[in-house]
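Accompanying notes for the structure given below.
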Amino acid sequence: MSVITLSGTGVSWPCDDGDTIMRSALRAGLGFPYECNVGSCGNCRFDLLEGEIEELRTDAPGLSERDRGRGRRLGCQARPLSDCAVKLRLMPHYESRFRPVRQAATLTATRDITHDIREFRFKLETPAPFLSGQYALLTLPGVEGSRAYSMASTGDQADEWHFQIRRVPNGAATTKLFDGLKAGDHIEIDGPYGMAYLREDAPRDIICLAGGSGLSPMISITRAAAVSPALAGRRIDFIYGGRAARDIGGKEMLEELPGFGSTIHYHPVVSGMPEEEDGWNGYRGFAHEVAAKLFAERLPECEIYFAGPPMMGQAIQKMLIDLGVPPAQVHFDQFY
Ligand SMILES: Cc1cc2nc3c(=O)[nH]c(=O)nc-3n(C[C@H](O)[C@H](O)[C@H](O)COP(=O)(O)OP(=O)(O)OC[C@H]3O[C@@H](n4cnc5c(N)ncnc54)[C@H](O)[C@@H]3O)c2cc1C
Ligand code: FES
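Mapped onto numbering that gives the first Met the number 0, the consecutive letters of the sequence shown carry residue numbers 0 to 335.
Below you can see the structure in the form of structure tokens.
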């Protein structure tokens, strides 16, 4: 175990062997800024003043050569090899409601949602609650590094976490998940993480925008919002975008919720060009275009959650800024 000291503050915390500086800070209840947890966003940068670390991902896109030259490192990728002194600004906003825990989990079942999205259900060794919309890090045997996946279930089911995961062609983790794991196999799960969780203290109508791999956290948020007493009677619009008709899914999970068709509305949208007999009679375009068309004036009055590929995230953010939606009402953890 190493001790990490925050320079000039008197704050310090323990970091277990194998853990990272940022994750150990969150486990200690501290607000260490972060977002992706996989070395891509750069939000967890800190100054290493003293001590030695090992970088888990040496090619992490979140750290430039310039940063490195100035002694900066990524908290999510920095594993201490000695006691360390660091400099950064803690922010209460990042303190975890439920502190993340690393533990073993067992795959209990899988089911297909679309041709390339599958739900994976893992039983945790020790039940752990989370907020709807949060994610966990999965460490898979034979795969270098861990990957972030959002839960589709809700925190009420603290002993079994469900993840809806899109297969990435030749992707290291998704190939292992889809082709190399069977019921009864063990992996390591570390979580919960993430700031894009359901705000039950914001009694506004809700808009969930999901594309491709972003289905899972939006399903979790809608499931929790549908039964939240604080949000009773609030309208929830769920827009799900895919490239082709066969990419569209999720409706059957929403249909099971109280209020489907009255307060909960599902709007699937396909972005690819019409193919002959693709059988698609619904919206065509991108999810953010449909949101702008259907809800333009209402958007600034709503709480907005979104998840999906980086290009989609950028398009949604631009649309929301253009329409004057207050940033405090918009919640997302960028996928990488
Ligand atoms: C916050 C968050 C939530 C996400 N939620 C979901 C979800 O619910 N469903 C879903 O389908 N996808 C989700 N993703 C995407 C997912 O984490 C993977 O990027 C995706 O499944 C591809 O992984 P792969 O290993 O198959 O592909 P690869 O092409 O092998 O790896 C791609 C990604 O893995 C990461 N990576 C690569 N090497 C390393 C390493 N050594 N250490 C750590 N990270 C590395 C990088 O982020 C890279 O973009 C999420 C991503 C983030 C950041
Ligand atoms: S780079 Fe560490 S949280 Fe994104």
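Idealized CB from N, CA, C, for every residue including glycine.
The segment 111-123 makes no contact with the segment 80-88; the number of CB pairs closer than 8 Å stays below 3. In this structure, the straight-line span from the alpha carbon of Leu298 to that of Gln333 is close to 20 Å.
DSSP assignment within the segment 154-238 yields the following whole beta strand (DSSP E) runs of 3 residues or more, N-terminal first: 159-165, 185-192 and 205-210.
In this structure, Gly210 lies near Met311, with their beta-carbon atoms less than 8 Å apart. Using a 10 angstroms sphere on the CB of Ser152, the tally of other CB atoms reaches 16 or more, which defines it as buried. Arg203 and Arg233 do touch by the CB rule: their CB atoms are close to 7 Å apart, below 8 Å. Put simply, the backbone Cα of Gln163 is about 8 Å away from that of Ile112. With a contact defined as Cβ atoms closer than 8 Å, Val268 and Gly240 qualify at about 5 Å. With a contact defined as Cβ atoms closer than 8 Å, Gln76 and Thr19 qualify at about 6 Å. In the pairwise beta carbon analysis, the segment 87-105 is classified as not touching the segment 164-179: fewer than three pairs are separated by under 8 Å. Rounded to whole angstroms, Glu255 and Asp66 show a C-alpha spacing of 49 Å. Taking C-beta separations shorter than 7 Å and ignoring five residues to either side along the sequence, the partners of Trp12 in its chain run Ile3, Ser23, Ala24, Ala27 and Leu29, following chain order. Ile320 counts as exposed, since fewer than 16 other C-beta atoms from the protein chains shown sit within 10 angstroms of its C-beta.
Taking every protein chain shown into account, the CB of Met252 has 16 or more other CB atoms within 10 angstroms, so this residue is buried. Listed as beta-bridge partners of Ile263 by DSSP are Ile235 and Phe259.
Judged by the Cβ position, Leu73 qualifies as a neighbour of ligand 2 at the 7 Å threshold, a heavy atom of the ligand being closer than this. Under the three-pair Cβ rule at 8 Å, the segment 34-44 counts as touching the segment 54-63. Taken through DSSP and simplified to helix, strand or coil, Gln313 comes out as helix. In the DSSP assignment, Ala290 falls within the unbroken alpha helix (DSSP H) covering Ala286 to Phe294.
Residue state for Gln102 is assigned as strand, using DSSP reduced to three classes. If you look at Arg67, you'll find it in the alpha helix (DSSP H) that goes Glu64 to Gly68.
Between Ala295 and Ile315, the alpha-carbon positions lie close to 13 Å from each other.
With at least 16 other beta carbons inside 10 angstroms of its own, Ala290 counts as buried. From the listed residues Ile220, Gln328, Lys86 and Asp16, the smallest Cα separation to Val10 is found for Lys86. Residue burial annotation: Gly190 is buried, with at least 16 other C-beta atoms found within 10 angstroms of its C-beta.
Assignment of beta-bridge partners to Val269 by DSSP yields Gly241 and Arg283. DSSP places Leu319 within a helical segment (H, G or I) once states are collapsed to three. The beta carbon of Asp158 sits closer than 7 Å to the beta carbons of Lys122, Leu123 and Pro126 from its chain, once the five residues preceding and following it are set aside; these are given in chain order.
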